[in-house]
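Q: One line per chain: the protein sequences are A and B, in this order. 75 is the number that our numbering gives to position 72 of the first sequence; each next residue is one higher, with no gaps. 58 is the number that our numbering gives to position 55 of the second sequence; each next residue is one higher, with no gaps. Cβ coordinates follow ideal geometry from the N, Cα and C atoms, glycine included.
Number of protein chains: 2
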Amino acid sequence: MVKKSEGDLSSTENRILDAAKKVFIAKGFNGTSMQQIATEAGIHKSLLHYYFRSKDKLFTAVFVYAFQHFVPQIQEILISDASVSLKIERIINEYMDMLMQNEFIPSFILHEINRDPDRLYEIMLHTGINPSIFLDQFTIERTKGNMRQVDPRHLLVNILSLCIFPIAARPLIQRVFFSNDNLAYNNFLRERKSVVTKFIIQSIQV
Amino acid sequence: MVKKSEGDLSSTENRILDAAKKVFIAKGFNGTSMQQIATEAGIHKSLLHYYFRSKDKLFTAVFVYAFQHFVPQIQEILISDASVSLKIERIINEYMDMLMQNEFIPSFILHEINRDPDRLYEIMLHTGINPSIFLDQFTIERTKGNMRQVDPRHLLVNILSLCIFPIAARPLIQRVFFSNDNLAYNNFLRERKSVVTKFIIQSIQV
DNA sequence: GTCTATATCGGGATAGAC
DNA sequence: GTCTATCCCGATATAGAC
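#1: Looking at chain A, is there any beta carbon in it that lies within less than 8 angstroms of the beta carbon of residue 3 (chain B)?
#2: Among B:169, B:184 and B:92, whose alpha-carbon lies nearest the alpha-carbon of residue 200 (chain B)?
#3: Let me see if you follow: with CB-CB separation under 8 angstroms, is residue 206 (chain A) close to chain B or not?
#4: In chain order, what residues of the same chain lie with their CB nearer than 7 angstroms to the CB of residue 58 (chain B), ignoring the 5 residues before and after it?
#5: Give the straight-line distance between the Cα atoms of residue 65 (chain B) and residue 145 (chain A), rounded to the nearest whole angstrom.
#6: Measure the C-alpha to C-alpha separation of residue 185 (chain B) and residue 46 (chain A) and round it to an integer number of angstroms.
#7: Would you call the stretch 94-106 of chain B and the stretch 39-56 of chain B touching, i.e. three or more CB-CB distances under 8 angstroms?
#8: Using a Cβ-Cβ cut-off of less than 9 angstroms, give me the residues of the stretch 29-42 of chain B that come near chain A, in sequence order.
#9: Could one say the Cβ of residue 107 (chain A) lies closer than 8 angstroms to chain B's Cβ atoms, at least one of them?
#10: Which full runs of the alpha helix (DSSP H) of 4+ residues lie inside the stretch 154-192 of chain B, going along the chain?
#11: For residue 56 (chain A), which of helix, strand or coil comes out of DSSP?
#12: Which ranges would you report for the alpha helix (DSSP H) in the stretch 77-142 of chain A if only whole runs of at least 4 residues count?
#13: Are any of the Cβ atoms in chain A nearer than 8 angstroms to that of residue 172 (chain B)?
#14: List the residues of chain B that residue 175 (chain A) touches, going by C-beta distances under 7 angstroms, in chain order.
#15: Pull up the distance between the alpha-carbon of residue 151 (chain B) and that of residue 207 (chain B), whole angstroms please.
#16: Whose C-alpha, out of A:74, A:73 and A:139, is nearest the C-alpha of residue 82 (chain A)?
#17: Excluding five sequence neighbours on each side, which residues of the same chain lie with their C-beta closer than 7 angstroms to the C-beta of residue 136 (chain B)?
#18: Taking Cβ positions, are residue 32 (chain B) and residue 69 (chain B) nearer each other than 8 angstroms?
#19: Taking only three categories from DSSP, how would you classify residue 203 (chain B)?
#20: Taking the C-alpha atoms as reference points, what is the distance between residue 191 (chain A) and residue 122 (chain B)?
#21: Have a look at B:125, B:160, B:147 and B:176 and flag the residue whose alpha-carbon is nearest the alpha-carbon of residue 120 (chain A).
#22: With a threshold of 8 angstroms between beta carbons, is residue 197 (chain B) in contact with chain A?
#23: Please compile the residues from chain A whose C-beta is within a distance smaller than 8 angstroms of the C-beta of residue 134 (chain B).
#24: For residue 142 (chain B) and residue 89 (chain B), what's the separation of their Cα atoms in angstroms?
#25: Give the single residue among A:51, A:25 and A:29 whose Cα lies nearest to the Cα of residue 15 (chain A).
#26: What does the alpha-carbon distance come out to for the pair residue 73 (chain B) and residue 108 (chain B)?
#27: Just checking: is the beta-carbon of residue 186 (chain A) within a distance shorter than 8 angstroms of some beta-carbon in chain B?
#28: Would you identify the three-state DSSP class for residue 32 (chain B), choosing helix, strand or coil?
#29: Enumerate in chain order the residues of its own chain whose CB-to-CB distance from residue 29 (chain B) is below 7 angstroms, with the five nearest sequence positions on each side excluded.
#30: Could you tell me the alpha carbon to alpha carbon distance between residue 166 (chain A) and residue 98 (chain A), rounded to whole angstroms?
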């Protein structure tokens with residue numbers, strides 16, 4: 004759905020991209036050297052330039068990938084004819100699942116959008132993300148009387164905050180409140196799927 | 004309260020620290036060079052090493068400073084005898100005010116705690132932050148019957164999420180939903196102080 | 001305390017052999 | 001396509017003059 008002409012990519016190019024994703028997302032642009040990516044991919048440094056010309060070009064490819072996993076893809080859910088509360092439940096569940104499977108992406112994106120905010124315009128064209136669909140959809144539900152009068156921008160920011168922050172701040176929260184126990188924090192995050200859902204739904208109930 | 008023997012610091016050392024705070028917090032450890040800090044401070048590069056021995060030592064000083072502005076200082080509020088809802092209102096208002104006045108600290112901390120999580124133990128000794136006070140306080144209120152039975156860890160993470168994320172993700176949210184209008188987003192953040200407060204209080208009301 | 005000069009290393013990038 | 005060799009630059013850090 005998101006890909007474009009990936010069938011004819013050489014195996015080397017794919018290995019470079021996979022390695023670049025791993026290292027860039029873990030260490031950021033400035034924290035990553037071309038040598039680290041080459042080592043991770045098991046090939047020589049100069050091949051990175053052969054396939055991607057520059058560090059910046061390679062990074063942009065990774066950023067586009069990560070961005071698509073950071074901005075929730077919820078169009079299908081929103082335009083379905085389910086109830087508002089069911090939609091919210093599905094959005095939160097699916098989004099938190101994706102974030103838990105890509106746990107380094109939130110802090111990566113948060114860092115990079117502050118480091119180079121102007122890149123966003125160009126990237127968002129690549130992704131085809133259209134945020135107004137969310138706002139429109141909630142305006143519709145509101146006129147139907149299914150929801151309290153809530154500013155949809157606050158509502159959306161609330162949902163994103165509650166889903167993303169606990170992943171981005173994991174190293175801190177897990178150490179302070181969970182004795183740095185990985186399994187315990189995974190359970191906490193799973194619990195949160197229903198906690199956050201109830202929290203949000205309650206805030207828009209009439 | 005937080006300082007330790009700052010009266011006898013030479014003016015140069017203070018200028019270096021101020022410059023280091025500005026540059027490190029804006030660009031992170033790997034994005035910052037010693038030359039940038041020296042230029043910002045208006046002194047020569049080698050003086051940085053004279054006063055702080057290494058880049059890492061200088062960075063640690065900055066990180067401690069930033070960390071104290073990231074973890075809310077709410078002991079006085081919590082141990083006061085105000086009502087729960089008043090406490091929450093004060094916590095959220097004062098904390099969001101501080102974050103708005105230090106808007107680059109959230110993404111800085113979120114990045115650095117993922118880059119080097121093990122530094123946290125050492126830093127937290129410097130700051131003397133004791134998170135258990137929060138949990139204890141809310142357990143007490145709960146037994147008084149003033150609150151719904153809510154896991155205080157989820158409650159705290161909810162509050163932090165709703166306060167911190169809108170600052171950390173500002174470059175993205177402001178562009179997407181506010182046409183990159185600074186004043187409009189400042190208003191949005193001010194609105195959030197009461198929005199978040201109501202949101203939280205409603206979630207714990209019996 | 002503050003500067004100049006320099007040591008040493010690793011970074012991104014390119015040319016060219018195979 | 002893949003490698004070796006190399007260029008050039010900027011990075012942290014230190015030695016030593018003033």
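A: The short version:
#1: Given a span of 4 to 209 for chain B in the structure shown, any question on residue 3 (chain B) remains unanswerable.
#2: B:92
#3: yes
#4: 37
#5: 47 angstroms
#6: 45 angstroms
#7: no
#8: 29, 30, 31, 32, 33, 34 and 35
#9: yes
#10: 155-171 and 173-180
#11: coil
#12: 78-82, 87-104, 108-118 and 122-130
#13: yes
#14: 116 and 123
#15: 5 angstroms
#16: A:139
#17: 78 and 81
#18: no
#19: helix
#20: 24 angstroms
#21: B:176
#22: no
#23: 179 and 180
#24: 17 angstroms
#25: A:51
#26: 7 angstroms
#27: no
#28: coil
#29: 107
#30: 8 angstroms
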